[in-house]
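Report on one structure; see the data block that follows.
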Amino acid sequence: AARRVRTKFPGAVISRMGTASDLDRGLYHAVPTLVFGSRANYMSNGRGGTFFPTYRGRYMPIAPLFDVKFLARTKAKNNRKIFSEKFPAAAAHAARQFMDHIPYTKNMVIGLYHPVQTELDTGPLATALREEGVRLALPVITGKKSPLIFRLWEEETLVEGAHKIKIPPDSAPQHVPDIILTPLLSYREDGARLGYGGGYYDRTFAAPPFRDCLKIGFAYADQLDPSLPTEPHDQKLDFLVTERKSWRCEK
Numbered sequence: 018a019a020r021r022v023r024t025k026f027p028g029a030v031i032s033r034m035g036t037a038s039d040l041d042r043g044l045y046h047a048v049p050t051l052v053f054g055s056r057a058n059y060m061s062n063g064r065g066g067t068f069f070p071t072y073r074g075r076y077m078p079i080a081p082l083f084d085v086k087f088l089a090r091t092k093a094k095n096n097r098k099i100f101s102e103k104f105p106a107a108a109a110h111a112a113r114q115f116m117d118h119i120p121y122t123k124n125m126v127i128g129l130y131h132p133v134q135t136e137l138d139t140g141p142l143a144t145a146l147r148e149e150g151v152r153l154a155l156p157v158i159t160g161k162k163s164p165l166i167f168r169l170w171e172e173e174t175l176v177e178g179a180h181k182i183k184i185p186p187d188s189a190p191q192h193v194p195d196i197i198l199t200p201l202l203s204y205r206e207d208g209a210r211l212g213y214g215g216g217y218y219d220r221t222f223a224a225p226p227f228r229d230c231l232k233i234g235f236a237y238a239d240q241l242d243p244s245l246p247t248e249p250h251d252q253k254l255d256f257l258v259t260e261r262k263s264w265r266c267e268k
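If you use my numbering, the sequence shown closes out at 268, no skipped numbers anywhere.
Have a look at this one:
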């Protein structure tokens with residue numbers, strides 16, 4: 018049965034969870050329906066939900082809540098957590114896939130990412146690349162609407178940056194990597210990538226200094242989502258690397 022969470026004052030937000038919590042059954046089974054309005058008087062259009070904001074006791078114009086990418090991210094986050102627990106050795110296998118199949122050279126600078134939440138760990142790959150003498154860099158957020166910059170990761174000591182992500186200190190030199198690895202929530206085999214929605218990597222890949230970089234998605238194999246929605250501004254990847262295989266994306 019649907020679960021309802023209500024507050025006790027007029028104009029409050031009402032959250033109605035979907036009738037089934039299993040996201041793997043499909044996007045529509047766990048879609049939250051949010052309504053702005055009185056706790057005693059509200060309407061819902063079912064699956065997608067609708068905002069009914071009120072002002073001085075009257076309903077304001079209706080705006081659709083349905084967001085395909087929001088639903089895809091919700092499903093992907095839950096699935097990735099499952100994969101991270103189910104495949105603890107995936108990072109080591111993915112590192113081997115990269116070392117064996119990605120066209121890198123020892124004089125390159127490779128941009129990794131410092132994993133957060135349940136992102137596929139880049140630690141084993143960083144160790145393997147350092148043993149080969151490859152220089153590494155990490156991304157740094159400089160603004161909500163700005164491309165990322167990359168600083169050389171030459172010191173073991175990192176500091177906390179935006180969103181509590183570990184980054185090199187300000188004293189580390191900036192460098193445009195030859196290869197950039199990016200985390201993701203889900204992907205298509207043609208290189209389409211679903212991120213968190215901030216657009217940092219899309220803006221970075223579209224920026225002139227980074228257009229010639231080799232763009233690689235680093236993910237669990239089971240993060241594949243053939244129905245992943247995309248938009249015109251989404252930047253596709255050149256390669257995908259998982260614990261099972263690596264391949265060049267057909268664009």
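Heads up, the beta-carbon is just placed ideally off N, CA and C, and yes, glycines get one too.
The alpha helix (DSSP H) enclosing F100, as first and last residue numbers:
Here residue 100 refers to the residue found at position 83 of the sequence shown. Looking at the DSSP string, the run of the alpha helix (DSSP H) that includes F100 is 85 to 103.
Under 8 Å by Cβ, that's how I've got L245 and Y204 pegged, so tell me the actual separation to the nearest angstrom.
The residue you call residue 245 lines up with position 228 of the sequence shown. The residue you call residue 204 lines up with position 187 of the sequence shown. 7 Å between Cβ atoms; contact.
Please classify T221: does DSSP put it in a helix, a strand, or coil?
Position 204 of the sequence shown, counted from the start, is the residue given in the question as residue 221. Helix at T221.
Kindly indicate which residue of F222, P132, E173, I127 has the alpha-carbon position closest to the one of H180.
Here residue 180 refers to the residue found at position 163 when the sequence shown is read from its first residue. Closest option to H180, Cα to Cα, is P132.
With the cut-off set at 9 Å, would you say R210 and Q114 are in Cβ contact?
Residue 210 sits at position 193 when you count from the first residue of the sequence shown. Residue 114 sits at position 97 when you count from the first residue of the sequence shown. The answer is no: Cβ separation not under 9 Å.
Throw me the rounded Cβ distance for the Y121 and V151 pair, which I believe falls under 8 Å.
Within the sequence shown, residue 121 is the residue found at index 104, counting from 1. Within the sequence shown, residue 151 is the residue found at index 134, counting from 1. Sure, about 7 Å apart at Cβ, within 8 Å.
Could you give the distance in angstroms between the alpha-carbon of M116 and the alpha-carbon of Y213?
For this step, residue 116 is matched to residue 99 along the sequence shown. For this step, residue 213 is matched to residue 196 along the sequence shown. The straight-line gap from Cα to Cα measures roughly 27 Å.
Under the three-state DSSP convention, the category T247 falls into
As a working note, residue 247 is residue 230 in the sequence shown. Three-state result, T247: coil.
On the CB-based measure, 16 or more other CB atoms within 10 Å of its CB, does F256 come out buried or exposed?
Reading the sequence shown from its first residue, position 239 is the one you call residue 256. By the 10 Å Cβ count, F256 comes out buried.
Could you tell me the distance, in whole angstroms, from the CA atom of P190 to the CA atom of I166?
Numbered from its first residue, the sequence shown carries residue 190 at position 173. Numbered from its first residue, the sequence shown carries residue 166 at position 149. The alpha-carbon atoms of P190 and I166 are separated by roughly 10 Å.
Who are the Cβ neighbours of G118 in its own chain at under 6 Å, not counting the five residues just before and after it?
Against the sequence shown, residue 118 aligns to sequence position 101. Checking the displayed sequence, the identity of residue 118 turns out to be His instead of Gly. Within the same chain, H118 has close Cβ partners S263.
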